[in-house]
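So the structure is just underneath, and the comments pick up after that.
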Ligand code: ACO
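Residue numbers (this note's numbering): 27 to 388.
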């Protein structure tokens with residue numbers, strides 16, 4: 027059997043997450059994200075994805091302690107970041123730096139500890155290279171802040187307000203895990219050779235970089251920027267659809283009803299409404315764009331995907347577009363590491379077949 031791109035091929039049995047595109051359901055460890063995300067922090071949801079249960083008080087304190095420890099980069103990691111050319115893209119820098127974690131001390135730790143440290147370190151790596159790119163001085167990690175608040179602190183050097191922290195955290199929690207997407211598959215393939223976790227995450231980062239996977243939200247910013255004012259929604263969208271252009275942030279390969287992540291992010295936008303004209307424009311534009319798409323593309327079931335409100339939220343918290351895919355990666359590393367551990371628990375090396383279709387030379 028040959029399926030280009032392994033489309034519809036089941037390659038893994040997993041207990042980490044399920045995605046039901048017809049019902050519009052995403053579950054982490056069997057629980058609907060809508061029931062889990064609002065009442066639990068990044069750290070708690072990450073623990074839940076890794077361990078399959080919520081942390082008790084002690085476990086949470088222990089995890090928070092390890093994550094704070096993970097924010098302190100080993101000397102050689104800091105030196106590597108500072109030696110990178112300032113014009114190296116963030117995704118390239120992240121991939122290079124994470125691979126350098128593969129040293130003896132790190133490998134002596136359990137894979138669970140390695141997962142925690144890499145998850146804690148990734149936003150620090152992003153912030154440090156980002157500030158180097160901009161010629162800004164490095165901001166030290168603040169052990170009194172949560173994972174998300176510390177990320178914004180290290181990026182900007184300013185304590186973010188609670189609304190911004192909560193908005194970013196909602197996005198991070200909703201994008202931690204999404205089944206066997208390309209980068210997660212890459213992580214599982216790499217670890218299936220009994221390679222190590224840093225190699226698996228390096229593969230995942232290299233895969234996430236591609237525009238077909240991690241690179242979509244900045245297109246939504248361009249769309250909302252082109253619209254600008256509510257009265258422009260119809261003419262801008264009509265012109266794009268008529269010329270055959272895709273409306274970024276709409277449609278999904280799996281979800282043929284509303285993307286559940288989009289619903290939760292929209293709720294967050296609505297709760298922030300009135301505080302930011304971008305969020306107001308995004309919520310108003312959604313209804314009109316869906317109606318226009320139904321007119322011009324009837325029956326295609328085109329709703330907003332996670333990128334639409336993610337972009338609106340990122341824009342409203344003043345996260346520059348070049349940080350979108352790195353930030354997505356800082357969330358998805360939880361899923362990558364969980365899948366790597368699951369793969370090792372019952373491992374068979376991935377080795378599909380290929381069929382030679384070239385000429386035979388006699
Ligand atoms: N705008 C306009 N028309 C669209 C859109 C869109 N965003 N999405 C699909 N369509 C139309 C297509 O033109 C096609 O029309 P046709 O039947 O007249 O040829 C029909 O709907 C089906 O399109 P497909 O590409 O076959 O649908 P598929 O489910 O494979 O595509 C995809 C999913 C790639 C996400 C698509 O909807 C798209 O390009 N969206 C815009 C880009 C985007 O937002 N990407 C982020 C996805 S979320 C993520 O990656 C985390």
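Every residue gets a Cβ at the ideal spot worked out from N, C-alpha and C, and that includes glycine.
Test item: CB-CB of residue i and residue j under 7 Å
i	j	result
residue 228	residue 121	yes
residue 123	residue 106	yes
residue 75	residue 202	yes
residue 338	residue 259	no
residue 293	residue 332	no
residue 267	residue 334	no
residue 290	residue 47	no
residue 112	residue 159	yes
residue 45	residue 183	no
residue 186	residue 176	no
residue 68	residue 251	no
residue 347	residue 244	yes
residue 53	residue 78	no
residue 197	residue 50	no
residue 169	residue 94	yes
residue 39	residue 214	no
residue 35	residue 29	yes
Proximal residues to residue i (C-beta, below 7 Å), its chain only, five neighbours per side dropped
i	result
residue 181	153 and 156
residue 81	70, 73 and 89
residue 171	179
residue 199	63, 68 and 71
residue 164	154 and 157
Distance between beta carbons of residue j and residue i, contact taken as under 8 Å
i	j	result
residue 263	residue 318	5 Å
residue 349	residue 116	7 Å
residue 342	residue 305	5 Å
residue 256	residue 307	7 Å
Classification of residue i by the beta-carbon crowding that lies within 10 angstroms, buried from 16 upward
i	result
residue 219	exposed
residue 102	exposed
residue 190	buried
residue 296	exposed
residue 374	exposed
residue 151	buried
residue 87	exposed
residue 231	buried
Cβ shell of residue i (< 8 Å), same chain only, five flanking positions each side left out
i	result
residue 92	139, 142, 143 and 146
residue 128	222, 224 and 225
residue 367	76, 137, 138 and 141
residue 248	274
residue 283	47, 48, 49, 50, 327 and 329
Same chain, Cβ closer than 6 Å to residue i, five either side skipped, listed in chain order
i	result
residue 97	146, 150 and 167
residue 313	none
message: Closer than 8 Å is the cut-off here; do at least three beta carbon pairs connect the region 222-241 with the region 201-209?
response: yes
- request: Take every Cβ of the region 353-367, pair it with every Cβ of the region 263-272, and state whether three or more of those distances are shorter than 8 Å.
  value: no
message: Does the structure place the region 275-285 close enough to the region 317-333 that three or more beta carbon pairs sit under 8 Å?
response: yes
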